[in-house]
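Yeah, the sequence shown ends on 187 if you go by UniProt numbering, and it's all consecutive.
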Amino acid sequence: MQKMGFGEKWIGWIKWCISTASFSVLVNGTSTGFFQSSRGLRQGDPLSPYLFVIVMEVFSCFLKRVVDGGFLSGCRVKGRSEEGVQISHLLFADDTLVFCQASQDHLTYLSWLLMWFEAMLGLRINLEKSELIPVGRVENIDDLDLDFGCRLGSLPSTYLGLPLGVPFKSVTVWDGVKERFRRRLAQ
């Protein structure tokens with residue numbers, strides 16, 4: 001938090017809020033006394049989402065440095081301007097999308113980054129909930145998937161209820177999304 005510009009006093013308050021909480025368990029309606037948590041945050045702690053956002057900002061900075069160093073490339077998305085925009089990752093809530101080339105080197109660098117992130121921050125990335133989704137034809141995708149250690153997905157897919165990998169001008173693809181919005185707005 002220091003490197004992100006938070007003052008010592010603020011950091012001290014956060015540490016105090018996390019470390020001074022005590023818990024009690026009721027057994028047959030009787031308190032067993034108080035004890036302190038040995039690690040981590042309390043479930044439902046109002047600080048948790050804010051601290052998670054800070055941690056994900058750190059992860060985003062790690063990814064930017066890896067891209068700036070040439071270890072990952074991201075992808076270029078063309079819009080109305082000819083040059084488009086370079087995207088290496090997108091973060092939303094506790095989801096992360098990372099864009100890179102389908103090469104052994106890029107996935108190795110990404111794997112190292114994830115391991116370093118886990119070691120530095122004590123968070124575990126659940127590869128069982130992760131997917132490797134190739135775009136276009138990728139020769140050795142099964143080998144890459146096996147090395148990376150997560151499921152192999154395919155396009156078209158959905159993310160946050162929106163279609164991915166489908167022609168954006170295809171009206172039928174967006175009918176379901178439009179209908180869900182209509183139902184929610186009607187409530």
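Where a beta carbon is used, it is the ideal one built from N, C-alpha and C, also for glycine.
Residue from the options with nearest C-alpha to residue i
i, options, result
"Arg76", "Gly84, Lys15 and Asp175", "Gly84"
"Glu131", "Asp147, Phe117, Glu139 and Leu121", "Asp147"
"Ile72", "Gly161, Asn140 and Val98", "This sequence places Leu at residue 72; Ile is not what is there. The candidate whose alpha carbon is nearest that of Leu72 is Val98."
"Glu57", "Thr30, Asp142, Phe117 and His106", "Phe117"
"Pro163", "Ser154, Arg65, Lys169 and Trp174", "Trp174"
"Asn140", "Leu107, Arg183 and Phe168", "Leu107"
"Asp68", "Glu82, His89 and Ser48", "His89"
"Phe168", "Gly79, Met4, Val27 and Val66", "Gly79"
"residue 211", "Ser81, Cys17, Tyr50 and Met4", "No answer is possible for residue 211: the residues shown for the chain start at 1 and end at 187."
"Lys129", "Lys178, Arg151 and Tyr159", "Arg151"
"Thr96", "Leu63, Met120, Asn28 and Cys17", "Leu63"
"Leu121", "Lys178, Gly70, Phe52 and Arg137", "Phe52"
"Gln36", "Gly29, Val27, Thr30 and Trp16", "Trp16"
Residue j beta carbon less than 8 Å from that of residue i
i, j, result
"Gly74", "Ile87", "yes"
"Val171", "Pro156", "no"
"Ile125", "Leu114", "yes"
"Ser22", "Phe6", "no"
"Ser60", "Leu91", "yes"
"Gln2", "Ile14", "no"
"Leu127", "Gly149", "yes"
"Ser19", "Thr32", "no"
Rounded Cβ spacing between residue i and residue j (contact assumed at less than 8 Å)
i, j, result
"Gly161", "Arg180", "7 Å"
| Contained beta strand (DSSP E) runs [length at least 3] in the region 40–89, N- to C-terminal order | 75–77 and 85–87
| message | For the structure I just gave you, are there three or more beta carbon pairs, one from the region 101–108 and one from the region 134–147, closer than 8 Å? | response | yes
| field | Runs of alpha helix (DSSP H) wholly within the region 103–142 (minimum 4 residues, chain order) | value | 104–121
| field | Residue ranges of each beta strand (DSSP E) within the region 143–174, 3 or longer | value | 157–159 and 162–164
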